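The first sequence lines up with residues 5 to 111 when you count with the numbering used here.
Each residue gets a CB set at the ideal place from its N, CA and C atoms; glycine is no exception.
Predicted model, so just to flag it, every value in this text is computed and none were measured.
Working notes, structure below.
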Amino acid sequence: MSASSYARIYAVVRRIPKGRVATYGQIAELAGLPRQARQVGYALAALGDARVPWHRVINARGEISLRSRSGPEQLQRLLLEREGVAFDAKGRVALARHLWQPRGGRR
DNA sequence: AACATGACCATTA
DNA sequence: GTAATGGCCATGT
Numbered sequence: 005m006s007a008s009s010y011a012r013i014y015a016v017v018r019r020i021p022k023g024r025v026a027t028y029g030q031i032a033e034l035a036g037l038p039r040q041a042r043q044v045g046y047a048l049a050a051l052g053d054a055r056v057p058w059h060r061v062i063n064a065r066g067e068i069s070l071r072s073r074s075g076p077e078q079l080q081r082l083l084l085e086r087e088g089v090a091f092d093a094k095g096r097v098a099l100a101r102h103l104w105q106p107r108g109g110r111r
């Protein structure tokens, strides 16, 4: 069941520094799964309770992705603000300011 | 096996 | 700025 892919995804998410955010597509690429952003979201959804900073992963628009059913979206924003990530009036994060930018493509 | 759904993304108009 | 389209692929019915 391709659990190793999930493991790679979690490993990358764990590397996101505090106060930074990353996009699903970015995580997918860093995890060696280009164009599989969707799987990243799926992996995080199946995460449940684990020591992974899932709240630092947002979509390419800089917004917090809405779950099918009301989920911890509010909590996610709270956790990010608590780390110093700012949201604008439209509820978007300034990616130019908070996006995680690993150097040399790896870190 | 077919079909639908989902914490997505890039391109094009 | 919005809207439509195609791609990607694990899961459940």
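As assigned by DSSP and simplified to three states, the class of residue i
i, result
"I62", "strand"
"L103", "strand"
"A35", "coil"
"V89", "coil"
"V56", "coil"
"A26", "strand"
Environment of residue i [buried if 16+ CB atoms lie within 10 Å]
i, result
"G66", "buried"
"Q30", "buried"
"P76", "exposed"
"A15", "exposed"
"L79", "exposed"
"A11", "exposed"
Cβ separation of residue i and residue j, assumed to be a contact under 8 Å, to the nearest whole Å
i, j, result
"R160", "R101", "Coverage of the chain is limited to positions 5 through 111, which leaves residue 160 absent and any answer about it impossible."
"L34", "Q43", "With 8 Å as the limit, L34 and Q43 do not qualify as a contact, their Cβ atoms being about 13 Å apart."
Bridge partner(s) assigned by DSSP for residue i
i, result
"V17", "In the DSSP output, where bridge partners are listed per residue, V17 has none listed."
"V44", "None; V44 has no bridge partner."
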